[in-house]
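First comes the structure, then the notes that go with it.
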Amino acid sequence: MIGEINKALQTLKEGGLILYPTDTVWGIGCDATNPEAVKKVYALKQRVYGKVLICLVADDRMLKKYVKQIPEMALNIIDVTDKPTTIIYDDAQNLASNLVAEDGTIAIRIPDDDFCFQLCRRLNGAIVSTSANISGFPTPNSFKEIQPAILKGVDYVVNLHHEKICSKPSSIIKLSNNGVVKIIRE
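In the UniProt record's numbering, the protein residues as written are 1 to 186.
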């Protein structure tokens, strides 16, 4: 796994795109602080700008780099949830501007996956994590289902877990600083 982390890390540092297994589905990723790399993700997915992308961070400490004020409820959810949960936070900071939604929010998940954890740690930063499909097409449940255009469009394909069958994307919850909670996707 170390070799794969090193190759993916090098690609991220060079502004490239990786295709990698996450705690949910296969993802297209890049350095979340690099606006040019984020632009490449949107282009590869043929995704409309403004439709938000998710980021992964290693832990709560790293989360604090990218969110000005983390609601207490978010930390409680992170501690007790037993399934992958992405939280949309107000007041994003220190991320590529084209990654942050118009209202200043950002969607971030702390994955329960050793590869993702180690990669975020070694990068010392957030990684974009969006499903490995062209917008409008189904999310692939396995590596074999990933479209050829996606495979050709990334700079590095992580050589781990190619046999893994993915169940579904993460749940998404929006936690506003004013206390409003909204379930976006269960």
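Positions of the beta carbon are idealized from the N, C-alpha and C atoms, including for glycine.
task = Using beta-carbon positions only, say whether Leu56 and Thr85 come within less than 9 Å of one another.
result = no
Notebook entry, point to check: Near Pro71, what residues of its chain come up, given a Cβ to Cβ distance below 7 Å and the 5 sequence neighbours on each side ignored?
Noted result: Leu175 and Asn177
Checklist line | C-alpha distance - Pro140 paired with Ala149, whole-angstrom precision | finding: 13 Å
Within its chain, find whatever has a CB closer than 6 Å to the CB of Ser129; leave out the 5 residues flanking it on each side and keep chain order. Thr22, Gly27, Gly29, Ile54 and Leu56
(message) Buried or exposed, going by whether 16 or more other CB atoms sit within 10 Å of the CB of Leu43?
(response) First, the amino acid is wrong: residue 43 is Ala here, not Leu. Ala43 is exposed by the Cβ-count criterion.
Just to check my reading of the structure: Val67 and Ile106 have Cβ atoms closer than 8 Å, yes? What is that Cβ distance to the nearest angstrom? 7 Å
* To do: Drop a sphere of 10 angstroms on the beta-carbon of Glu4, count the other beta-carbons inside from all chains shown, and report buried for 16 or more, exposed for fewer.
  => Classification of Glu4: buried, given that the 10 Å Cβ count is 16 or more.
- Ile184: buried (16+ other C-beta within 10 angstroms of its C-beta) or exposed? exposed
(Q) Nearest by alpha-carbon distance to Glu36: which of Val25, Leu12 and Ala58 is it? (A) Leu12
* To do: Helix, strand or coil for Ile2, going by three-state DSSP, please let me know.
  => helix
Close-in-space but distant-in-sequence residues of the same chain around His162 (CB under 6 Å, 5 per side omitted)
Phe143
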